[in-house]
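Enquirer:
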Amino acid sequence: MDLEILRETLLLEQHNTRIVVISVALLGGTAGLIGSFLLLRKQSLLGDALSHATLPGIGIAFALMSAMGLSGKSLPGLLTGATITGLIGVLLVLAIRRSTRLKDDAAMGIVLSVFFGLGVAILNMVQKIPGQSSAGLDSFIYGSTASMVWSDFCLIIVTLLVTSVMTILILKELTLLCFDPDFASVDGWPTLRLDVILMGLVTAVTVVGLQAVGLILIIAFLITPPTAARFWTDDLKKLLWISTMIGAVSGWLGASISALYSNLPAGAIIVISASFIFLVSMIFGRARGVLPRYLRHLKLQKKVGRQHLLRSTFEILENTQSEAPLKNIPISMELLRKHRYWSKGELPRLIRQARAEDHIERQPSGELRLSESGFGEASRITRNHRLWEMYLIKHADIAPSHVDRDADMVEHLLGAEIVHQLEAELELAKSDIKSPHAI
Amino acid sequence: MRPEHPPEFPLAVHDLTVAYHRKPVLWDVDLNIPDGSLAGIVGPNGAGKSTLLKACLDLIPATSGEALIYGKPYAEQRDLIAYVPQRESVDWDFPVSAQDVVAMGTYRKLGWFKRIGTTQKKQALAALEQVGIGHLANRQISQLSGGQQQRVFLARALVQDAQIYFMDEPFAAVDAATEQAIIELLQSLNARGKTVLCVHHDLATVSRYFDHLVLLNMRVVASGPTPETFTRENLQKTYGGKLNLLDDVAQALKNVGRP
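Structure representation (C-alpha cells):
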C-alpha cells in the first residue's frame, strides 16, 4: 500500500472518497448521540429488531417501484419502504409485549428473525422481476459505500442534521424519560410520546445508515460508542460528547479503510474500529475501566495492609504495658505473627513495605520497633479504628463482638472530616480511647 | 361532584378497582385522606399498597372507579403533587449526579426545551442541604448509600414544592439516621400544612409516624385517625392468618400511645 494514498484517503484529499467518509463519520456521530439514549432507555435490542425489520420494506419498495415503471433503486423510495416495515416491526414487539406475558427478549427475537427471513425471501423473489436488475439490494444487509451517489449523500446528511438537532433540543426530556419514566409521567411529561420520538430518531439514523453500514451491523453503531464512553465518565453530558466522538472516529476510520481496500465492506470495518475503541476504553477508561479500577484496588489493599500492621504493633505495645504513657519498645516477630491472621507471605511483605516507608525499623536483635513517625501513625490509625467501632456500637446497633470485622472494612474509607464528626458525636475527643472489645 | 367525596379532601378515592392480567389487585377501594394529614398506607406484602398509589397517579390504569385530588381528576391537579417512587424503581448506575436528579424536580416549571440554569441548580442544592447531604451534590448517584439515594429522591420532591406528597416506601431499607431524618422532614412538611401519604411496611413505627392510617389488603380494611384505626382487631383482619406477624402486631400495639 502506497503511503501517499493512505494519507490522501485519511485526510479526505481524494475527491470521490471525501464525501463518503464525511457522511459516514457524521452518521457515526449521530448514531453515538442517539444510541446513548437508546442504551440508557435499555432498548438496545429493540433497535436491533427495528433494523432487521427494514429488509422486507426494501424488497417490497423495489418491487412496487419496478411495477410502476420507475427505477427500482431510487434511494428515497427504498428507505421509505424500510422505514414502514421497520416501524411495523417495532409496533409488533410492543403489541406482543402488551398483550401476552412474553418477555421482551423473546418478543424481539421472534420479530427480528421473522422479519429478516421475510426480507431475504422477498429479495430473492424480486430478483426474478424482468427488466430490473436488483443487484446491489443485498448491500443493505452488509453495507456498501461503493454504490452511493451524490443525491444519496444529500439525503443522509440532511436527515442526520435534523435528528441531531432534535435530540439536542429535547436532551432534558429524554434524560428524564430514561432515568425515571414513572416520575416523568406523574410530572406531566408525555412519556409514551417521548418514547415514540426516541424510537423515531433511532429509526431515522438506522434507515439512513442502512446503505453504508448494513442492517445487521447498524445496531453496533448505535450501541458500541455509548458503552465505550461509559467507561470514561459518570457525567451524562460528557458521555454524549465522548460517544459522539467515538462514533464519528469509527465511521471515519471504517469508511477510509474500506475505500482503500475496495473489497472490504464498510460496515464490518466500522464495527471493528468501534469495537477496538470499546476494548481500549474498557481497559483504560478513567471512570470504570478495568485497569484504573485494578490500580485503585491495589492502592487500597496496600493502604489496608499498612494499617493492619501498624495497628497490630500498637495493640501489642498496649497489651504488653500496663502503665501510661505508652513506651515505644521493640517487639518480636513472633508476637506480631500471632496477633491476628495474616495470609501466607503477607507479614514479611507488609514489614518490607513499612520499612521502605520508614514506619518500622529492624533492631540488631531481629526485633521490630516503630519509628517515631510510625508510632504517631500507628496511634492515629488505632484511634480512628476505635472511633469507628464506638460509632457503630452507639448508632448502628451492632453487637460489640461483631464490630471488629465491620470496622476493619470501613475504617479505611474514613477521612479526616468523618473522624472529626465522630469525635463530636461521641464526645470522645480524648486521644486515649479504650478498645470496646478484648483485643 | 360526589357528596361522599367533597373537594376539601386532598385525595378522595372512589370505588377504585385495579386488575393485572384480569387478576384483581385492588377491590372497590373507597377512602378520603383529610387535608394536612400525615397518612400511612399499611398492609402485608402483595396487598396492593404501591398499586393504590400508582393508580391514583394514573401510572396504572384503573379497571373502574377514580381518584380525585381536591375534587378534580389528577391530570388537572399535577401542580399540587410531588411523587417519590420506590428507590429500586430506577437504575442508580445512571450517569448523573445527585444534584442533576434533584434538578429534575424543576423540569415541569421549566417546560419543554429549556435547560436548567443557575436558579434551578441553586434550588436543587438548597433541597439537598435540607435533607442533609448538600456536600454530596456532585457525587455520581451510584456512589451514594441507600439512605443517601432515598434522600436524593426526597430532595427532588421538595423542589417540586407541592401540596400533596405521594411517597412509595420512603423508609424501605434505610439506616436509622436516615429514617429519623426522613420522618422529621415529613413532619416539618406536615407542619406547613402539606398532606403526606406514605406507603409503609413497619408496624412498629406506625402509631408514632402517622396521624391518619389506611389498612389495606386488596380492599380497605379500615381507614381513619390512627388511634382509632390501629387496633388489634383491624390488624388481624388486615394480616389475616399470617402467624409469624403476630409478634410484630403485639409489639406494634405496645407502642400505641407512645409519643
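Residue numbers (our numbering), protein chains in the order written: chain A, 1 to 439; chain B, 1001 to 1259.
Heads up, the beta-carbon is just placed ideally off N, CA and C, and yes, glycines get one too.
#1: Taking the alpha-carbon positions, what's the A95 of chain A to L40 of chain A distance?
#2: Please tell me whether L46 of chain A and V93 of chain A are closer than 8 Å, where the distance is taken between their beta carbons.
#3: Spell out the partners DSSP gives I1069 of chain B in its beta bridges.
#4: Going by CA-CA distance only, name the one from B:V1220, B:E1233, B:P1007, B:A1137 that's closest to K1049 of chain B.
#5: Under 9 Å between beta-carbons, which chain B residues line up against L40 of chain A? List them in chain order, please.
#6: Are at least three pairs of beta-carbons, each pair with one atom in the stretch 1104-1118 of chain B and one in the stretch 1189-1200 of chain B, less than 8 Å apart?
#7: In whole angstroms, give me the CA-to-CA distance for P1044 of chain B and H1200 of chain B.
#8: Just the Cα atoms here: how many angstroms apart are A31 of chain A and F1230 of chain B?
#9: Roughly how many whole angstroms lie between the Cα atoms of I1069 of chain B and V1084 of chain B?
#10: Let's see if you can read the secondary structure: which residues bound the alpha helix (DSSP H) around M282 of chain A?
#11: Do V205 of chain A and T163 of chain A come within 8 Å of each other at the CB atom, strictly closer than that value?
#12: So, is D48 of chain A buried or exposed, given that buried needs 16 or more other C-beta atoms within 10 angstroms?
#13: Please state the DSSP three-state secondary structure of P1007 of chain B.
#14: For P364 of chain A and L310 of chain A, what's the separation of their Cα atoms in angstroms?
#15: What residues from the stretch 234-261 of chain A come within 7 Å of chain B, judged by C-beta to C-beta, listed N to C?
#16: Buried or exposed for L1016 of chain B, please, with buried defined as at least 16 other CB atoms from any protein chain shown within 10 angstroms of its CB.
#17: Distance check for F1171 of chain B and L87 of chain A, CA to CA, integer angstroms please.
#18: Just checking my contact of A274 of chain A with P225 of chain A at CB under 8 Å: how many whole Å lie between their CB atoms?
#19: Pair every Cβ in the stretch 212-231 of chain A with every Cβ in the stretch 268-282 of chain A, then say whether three or more of these pairs are closer than 8 Å.
#20: Closer than 8 Å is the cut-off here; do at least three beta carbon pairs connect the stretch 312-322 of chain A with the stretch 248-267 of chain A?
#21: Given a limit of 7 Å on CB to CB distance, which residues of the stretch 176-192 of chain A reach chain B?
#22: At a Cβ threshold of 8 Å, is K172 of chain A touching chain B?
#23: Answer yes or no: do V1101 of chain B and I1060 of chain B have a C-beta to C-beta separation smaller than 8 Å?
#24: Would you check if the distance between the CB atom of G188 of chain A and the CB atom of R1078 of chain B is smaller than 8 Å?
#25: Does the stretch 72-88 of chain A touch the stretch 147-160 of chain A, meaning 3 or more C-beta pairs lie closer than 8 Å?
#26: Using DSSP with H/G/I as helix, E/B as strand and the rest coil, what is F1210 of chain B?
#27: Are the beta-carbon atoms of G305 of chain A and E346 of chain A separated by less than 8 Å?
#28: With a threshold of 8 Å between beta-carbons, can F1171 of chain B be considered close to chain A, or not?
#29: Roughly how many angstroms separate the alpha carbons of G1105 of chain B and L298 of chain A, rounded to a whole number?
#30: Taking the Cβ atom as the reference point for each residue, do V111 of chain A and M199 of chain A lie within a distance shorter than 8 Å?
#31: So which of B:Q1150, B:I1041, B:V1159 has the shortest CA-CA distance to D1211 of chain B?
#32: Would you mind telling me which residues of chain B sit closer than 7 Å to L33 of chain A, beta carbon to beta carbon, in chain order?
#33: Cβ of L350 of chain A less than 8 Å from any chain B Cβ?
#34: Taking the Cβ atom as the reference point for each residue, do R1151 of chain B and S1097 of chain B lie within a distance shorter than 8 Å?
#35: How would you write the range of the alpha helix (DSSP H) that N1190 of chain B sits in, first residue to last?
#36: Using a Cβ-Cβ cut-off of less than 7 Å, give me the residues of the stretch 1132-1165 of chain B that come near chain A, in sequence order.
Expert: With the structure as the only source:
#1: Going by the C-alpha atoms only, they are around 22 Å apart.
#2: Yes; because the gap between Cβ atoms is below 8 Å, this pair is in contact.
#3: For I1069 of chain B, which the question treats as bridged, DSSP gives the partners B:K1072.
#4: It is B:V1220 whose Cα lies nearest to the Cα of K1049 of chain B.
#5: Taking the beta carbon of L40 of chain A as reference, the chain B residues within 9 Å of it are D1091, F1094, P1095, listed in sequence order.
#6: Segments in contact, no.
#7: Going by C-alpha positions, P1044 of chain B is about 10 Å away from H1200 of chain B.
#8: C-alpha of A31 of chain A to C-alpha of F1230 of chain B: approximately 57 Å in a straight line.
#9: Rounded to whole angstroms, I1069 of chain B to V1084 of chain B spans 17 Å at the Cα level.
#10: Per DSSP, the continuous alpha helix (DSSP H) segment holding M282 of chain A begins and ends at 266-284.
#11: For T163 of chain A and V205 of chain A, yes; Cβs fall inside 8 Å.
#12: By the neighbour-count criterion, in which 16 or more other beta carbons inside 10 Å mark a residue as buried, D48 of chain A falls on the buried side.
#13: It is coil, neither helix nor strand.
#14: In this structure, the alpha-carbon of P364 of chain A lies about 20 Å from that of L310 of chain A.
#15: Listed in sequence order: D234, D235, L236, L239.
#16: Label assigned to L1016 of chain B: buried.
#17: Cα-Cα distance, rounded: 43 Å.
#18: Contact holds; Cβ gap of about 6 Å.
#19: A contact exists between the stretch 212-231 of chain A and the stretch 268-282 of chain A.
#20: When C-beta atoms of the stretch 312-322 of chain A are compared with those of the stretch 248-267 of chain A, fewer than three pairs fall below 8 Å, so the two segments do not count as touching.
#21: Answer set for the stretch 176-192 of chain A: L176, F179, D180, D182, F183, S185, V186, D187, G188.
#22: Contacts with chain B at 8 Å (Cβ-Cβ) include K172 of chain A.
#23: I1060 of chain B is positioned such that its CB atom lies no closer than 8 Å to that of V1101 of chain B.
#24: Yes. Within cutoff.
#25: Short answer: they touch.
#26: Note: F1210 of chain B maps to coil in three-state DSSP.
#27: Using a Cβ distance threshold of 8 Å, G305 of chain A and E346 of chain A count as a contacting pair.
#28: Chain A, which has no Cβ nearer than 8 Å to the Cβ of F1171 of chain B, makes this no.
#29: So the two alpha carbons sit approximately 40 Å from each other.
#30: Inclusion of V111 of chain A and M199 of chain A in the CB contact set at 8 Å is not warranted, their separation being larger than that value.
#31: The shortest Cα separation from D1211 of chain B among B:Q1150, B:I1041, B:V1159 belongs to B:I1041.
#32: Within chain B, no residue comes near L33 of chain A; the closest Cβ sits about 14 Å away, beyond 7 Å.
#33: Not one chain B Cβ lies under 8 Å of L350 of chain A.
#34: Contact: no.
#35: N1190 of chain B: member of the alpha helix (DSSP H) spanning 1176-1191, first to last residue.
#36: Per Cβ criterion, the list reads Q1140.
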